[in-house]
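Working notes, structure below.
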Amino acid sequence: MSHSHSWLRVADVAHGRSGDKGDTCNVGLVAFDDACFEVLRLQVTAERVKEHFGDLVTGDVTRYELPNIRALNFVLRGALDGGGTMSLRSDHLGKTMYAWLLRMELDDDGSVTRRRSTPVWEG
Amino acid sequence: MRTVTLGAGMAFWGDSVQPAIDMVERADIDYLCCDHLAELTMSILQKQKDRNPDHGYTRDILDLIRGVLPQARAKGIRIVSNAGGANPEACGRRVAELCREMGYPETRVAVVTGDDIADRIDDLLADGIDFRNIDTGAPVQDVRDRLTHAAVYTGSEGIIEAIGAGADIVICGRVTDIALYLGPLIHEFGWRMDDWDTLGMATVVAHAIECGGQATGGLYDGDWAGMPSLETMGYPIAEVAEDGTAVLTKTPGTGGRVDIGTVSEQLVYEILDPTTYLTADVTADFSQVTLEEVGPDRVRIFGATGRARPDTLKATMGYRAGWIGEAQFTYTWPHACEKARRGIEFLRRRLDRADFQAQDTIVEYLGWNSSWGALQVPPPHSEDVLEVVVRFAARCADAEDARKVFTQSVPLYNNGPAGVSGIGTRPPIKELYGLWPALVPREVITQRVSFVNAPEGEAAGREIS
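So the protein sequences, as listed, match chains E and C.
Oh and the first sequence: position 9 is 8 in numbering that gives the first Met the number 0, straight run, nothing missing.
Oh and the second sequence: position 425 is 424 in numbering that gives the first Met the number 0, straight run, nothing missing.
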């Protein structure tokens, strides 16, 4: 994506979680508000997600909607190197897969306010 | 309106028992529901049972009982658990014994079995059930001689029966996580077993809380830094109404938070098509689920529905699938990344000379690209890297080959690039179990309920289908 215009990341408009079912990984995104959800719906398509994960996902990607909680669910097949019990990866259960999707870049059409603030942990 | 209150006590084998102890002490719950089984767990438990016929269940149930029993007995809280794993009978006997040791001999412990079909595979194959892999379509003959366990995700009938017969503690094998919650609700409310919308709604409630702290702020990706007191996390509680809707909350005075954010994240955890969430009891539809904050740490959940349960049940079988061998070491500045790559090349060449056979190998640089390694994230500028941890892992058919990964890496200690540490601690090789998902007709599975300490004159066991 060109950066000559304004852009943001999925992380700016949604929070996420991922998990495993066999060799399938699902990534759920929850938008911070209605405007953020609209941006997700328009721009985070199954095709773009498939492309974004590249070689990490060998199968197809399907998108589902849970509109009342402003969530999208992506089902990534062939995503876990044979599944949690077989995978050689450190992250054999796909717990960090959501974070890669949070990095996806989106066009900023000015319709949303970035909702994720940089966390400060004052331990 | 009458409510029944369910608490999520444990979310996985080895989970802390403290949230359950806090819950029975401070909250007002009717049932403590505990899920101990993941997909892989049954193979591990079967291996333990093969070595010792009194083992094969998740022994954390004993720590749980030790922690919660006095309060649970005093308050009349019943406990429903799938800790039985591959050996529910042995688990039930030990739990009943522990109750006696703790001074509660009147505690009635029921055991629900019928999920284990390992000894029936050949008969079922002869009856025409093909156990074809539902993901790959492959015939079960490919792995038949390597099968380690075979269990069917069974539903709530056995639990309903056990509670109805007066059980204080119900120990199950491989029932669905959802059944641990649906069983008590169906018993209490007398829902019909084909009241699909109500069962579907209650299934979504169960899904929201069955992973414990993941619904109350654990693993929360929203404002994780602002989450109060993660280390004293309270586990979730559902106050379920007669229509299956609920208010979700958590143990008073604990850490974490219950709000639309924390619950939403958990609702989308480990689901596929939200309109078709298949369980043994109902096909639940999550797609219209709705959340509403009704107070501090209180979220109302409603809007889910259901359709008829599937005609088949899902069997999950494990099979021996080889071994993983691995080695890991740290390289330091200067040229940490280059040295790490040279170290891996050293290991690969030595393995080649040792006639090493592997099905697949992986190289990960921890702290740089281990999570998304296949994407070849470029290294940071090498001059800025103080250290990098490199991990090599291989999947091998043979345990001897898996062992070579470590033995052939040892010479890196003094023959490889400089600035290396962490060599010499032998990581164990790990046996792999593949999972073989298949479908079986519902009619061939019969759950059985028995009481460990059945009073004189009462039937020791009862079959239901």
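Cβ atoms here follow ideal geometry from the backbone N, Cα and C, with glycine treated the same way.
Is the CB-CB distance between residue i and residue j below 7 Å?
| i | j | result |
| --- | --- | --- |
| residue 48/E | residue 60/E | yes |
| residue 288/C | residue 203/C | yes |
| residue 215/C | residue 183/C | no |
| residue 290/C | residue 262/C | yes |
| residue 121/E | residue 6/E | no |
| residue 24/E | residue 109/E | no |
| residue 431/C | residue 320/C | yes |
| residue 281/C | residue 199/C | yes |
| residue 393/C | residue 404/C | yes |
| residue 108/C | residue 32/C | no |
| residue 362/C | residue 391/C | yes |
| residue 147/C | residue 45/C | yes |
| residue 30/E | residue 111/E | no |
| residue 441/C | residue 113/C | no |
| residue 10/E | residue 115/E | yes |
| residue 64/C | residue 82/C | no |
Identify the continuous beta strand (DSSP E) that holds residue i and give its terminal residues.
| i | result |
| --- | --- |
| residue 29/E | 23–30 |
| residue 444/C | Element bounds for residue 444/C: n/a, residue is neither H nor E. |
| residue 324/C | 311–331 |
| residue 14/E | 13–20 |
| residue 77/C | 77–80 |
| residue 214/C | First-last for residue 214/C: undefined, no H or E at that position. |
| residue 388/C | 386–395 |
| residue 94/C | Per DSSP, residue 94/C belongs to no beta strand (DSSP E); it is in the alpha helix (DSSP H), 87–100. |
| residue 202/C | Unbroken run through residue 202/C is the alpha helix (DSSP H), 195–208; no beta strand (DSSP E). |
| residue 360/C | 359–365 |
| residue 106/E | 104–106 |
| residue 88/E | Here residue 88/E belongs to no beta strand (DSSP E), and DSSP marks it neither H nor E. |
Check the DSSP bridge columns for residue i and list the partner residues they point to.
| i | result |
| --- | --- |
| residue 236/C | 6/C, 248/C |
| residue 276/C | 283/C |
| residue 30/C | 5/C, 77/C |
| residue 170/C | 80/C, 110/C |
| residue 290/C | 300/C |
| residue 153/C | 174/C |
| residue 63/E | 72/E |
| residue 433/C | 318/C |
| residue 148/C | 317/C |
| residue 350/C | Answer is none; residue 350/C lacks a bridge partner. |
Please confirm whether residue i has its beta-carbon closer than 7 Å to some beta-carbon of chain E.
| i | result |
| --- | --- |
| residue 433/C | yes |
| residue 10/C | no |
| residue 456/C | Confidence at residue 456/C is low in this model, with a pLDDT of 45, below 50, so the placement of that residue should be treated as unreliable; the coordinate-derived value is given next. Answer no: the Cβ-Cβ gap between residue 456/C and chain E never drops below 7 Å. |
| residue 277/C | no |
| residue 297/C | no |
| residue 287/C | yes |
| residue 263/C | yes |
| residue 268/C | yes |
| residue 306/C | no |
| residue 408/C | no |
| residue 373/C | yes |
| residue 394/C | yes |
| residue 221/C | yes |
Among the options, which one has its Cα closest to the Cα of residue i?
| i | options | result |
| --- | --- | --- |
| residue 34/C | 51/C, 176/C, 218/C | 176/C |
| residue 191/C | 225/C, 156/C, 165/C, 168/C | 156/C |
| residue 72/E | 11/E, 97/E, 31/E, 115/E | 97/E |
| residue 438/C | 342/C, 316/C, 427/C | 316/C |
| residue 24/C | 229/C, 101/C, 250/C, 427/C | 250/C |
| residue 293/C | 245/C, 340/C, 320/C | 245/C |
| residue 14/C | 259/C, 58/C, 414/C, 106/C | 58/C |
| residue 99/C | 219/C, 111/C, 72/C, 112/C | 72/C |
| residue 22/E | 69/E, 119/E, 74/E | 74/E |
| residue 343/C | 377/C, 364/C, 140/C | 364/C |
| residue 314/C | 104/C, 374/C, 296/C, 436/C | 436/C |
| residue 41/E | 14/E, 83/E, 64/E | 64/E |
| residue 125/C | 450/C, 451/C, 443/C, 449/C | 443/C |
| residue 4/C | 302/C, 27/C, 354/C, 299/C | 27/C |
| residue 225/C | 260/C, 186/C, 207/C | 260/C |
| residue 255/C | 221/C, 145/C, 43/C | 221/C |
Using a threshold of 6 Å, is the CB atom of residue i nearer than that to any non-hydrogen atom of the ligand MN?
| i | result |
| --- | --- |
| residue 282/C | Because no ligand of any kind appears in the structure shown, any question about the ligand MN cannot be addressed here. |
On the DSSP letters alone, give me the boundaries of the alpha helix (DSSP H) that residue i sits inside.
| i | result |
| --- | --- |
| residue 405/C | 398–406 |
| residue 261/C | 259–266 |
Determine, for residue i, whether the minimum Cβ-Cβ distance to residues of chain C falls below 7 Å.
| i | result |
| --- | --- |
| residue 2/E | Low confidence applies to residue 2/E: its pLDDT is 49, below 50, so where it sits in the model is not reliable, and the reading given next is rough at best. Not an interface residue. |
| residue 85/E | yes |
| residue 65/E | yes |
| residue 44/E | no |
| residue 55/E | yes |
| residue 14/E | yes |
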